[in-house]
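Residue numbers (the working numbering): -4 to 339.
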């Protein structure tokens, strides 16, 4: 499979390194993946024969900025790569913009229109235009894979589409944001206030300098919407979610929870009430008989309630660049095996 990599931030670099480390094992299993081009907003690198993973890996270690790499040229654009690269797939790792979906949405539309498979970790386009992008993929006989957008390494979309195939999903409930979960965990385990736990998460690089999307529930809501639009064939948006975050959680509430046998978790929930799908994100009291009780640290989880397979819970997918890159690789391998995510 000939691949263009669009966006070369931390996850892009981790994906490139993962591909280098896994190449021999992949080839033993009959899977050959070549990076033909690496693109960012300034230009790109292109080699029709495939970029040398070893050589370029050394460059990545020496130079953090793409424009400093050998053979980088501002004239290498996505249009150029589509025209000259004969690519089978593109990995789109552009920064998420939940308001416009740009620049990823423009790239993805262009690729799907050309019949090129897309694997993305950019939540913006999937949040805003999933149904349109799905139709583009169907109309042009290619696939759109986005497992990374709903929890990184956590196989939430994959589990819903494939492992619960044939069942009617009645409810979705999950711990979908590793940063918020880590902060609450620090309050519980180390008796920290919310502000102290947030600062620790920021100092460790777990939380962003501006943590609003994580701690106020927007990231959880985004992932919940993507899951629901996919499995319920809906066109939901952030305005459809009853939303609150964790910033008002106090150490006194944490202590009370310990006394009464529950933990606080930031939970995203989707369930049918009077045949209408209702979405909410907020702090919830989780008791020890609930599988979500033991989801600690940066880990995440999603629990599906179905009519025939009962309750299915998937736990893991700790936040990080390598797990996110591994989720991208997982989707690529599934496409190579003939799995089409947008058939459903």
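No residue lacks a Cβ here, since even glycine has one placed at the ideal position from N, Cα and C.
query                                                                                                                                                                                               : result
Is DSSP giving residue 109 helix, strand or coil here?                                                                                                                                              : coil
On the three-state DSSP scale, how would you describe residue 177?                                                                                                                                  : helix
Taking DSSP's pairing of strands, which residues face residue 275 in a bridge?                                                                                                                      : 237, 264
Residue 153: which of 128, 223, 123 sits nearest, CA to CA?                                                                                                                                         : 223
Can you give the Cα-Cα distance for residue 101 and residue 75, rounded to whole angstroms?                                                                                                         : 15 Å
Report, in whole angstroms, the separation of the C-beta atoms of residue 302 and residue 193, which I expect to be a contact under 8 Å.                                                            : Residue 302 to residue 193, Cβ: 40 Å. No contact.
What does DSSP give as the partner residues of residue 306 in its beta bridges?                                                                                                                     : 300
From what residue to what residue does the beta strand (DSSP E) around residue 35 run?                                                                                                              : 29 to 35
Starting from the C-beta of residue 280, find all residues in its chain whose C-beta is less than 8 Å away, skip the five residues before and the five after it, and write them out in chain order. : 252, 257, 258, 259
I need the DSSP call for residue 46, collapsed to helix, strand or coil.                                                                                                                            : coil
Determine whether the beta carbon atoms of residue 246 and residue 261 lie at a separation below 9 Å.                                                                                               : no
Among the candidates 36, 34, 19, 35, whose CA atom is the shortest distance from the CA of residue 28?                                                                                              : 19
According to DSSP, what are the bridge partners of residue 282?                                                                                                                                     : 257
How many angstroms separate the CA atom of residue 207 from the CA atom of residue 213?                                                                                                             : 8 Å
For residue 7, which of 189, 143, 111 has the nearest alpha-carbon?                                                                                                                                 : 143
List in chain order: all unbroken beta strand (DSSP E) runs of 3+ residues lying wholly within the region 135 to 181.                                                                               : 164 to 170
State yes or no: is the C-beta of residue 313 within less than 9 Å of the C-beta of residue 293?                                                                                                    : yes
Using the three-state DSSP reduction, which class does residue 23 fall into: helix, strand or coil?                                                                                                 : helix
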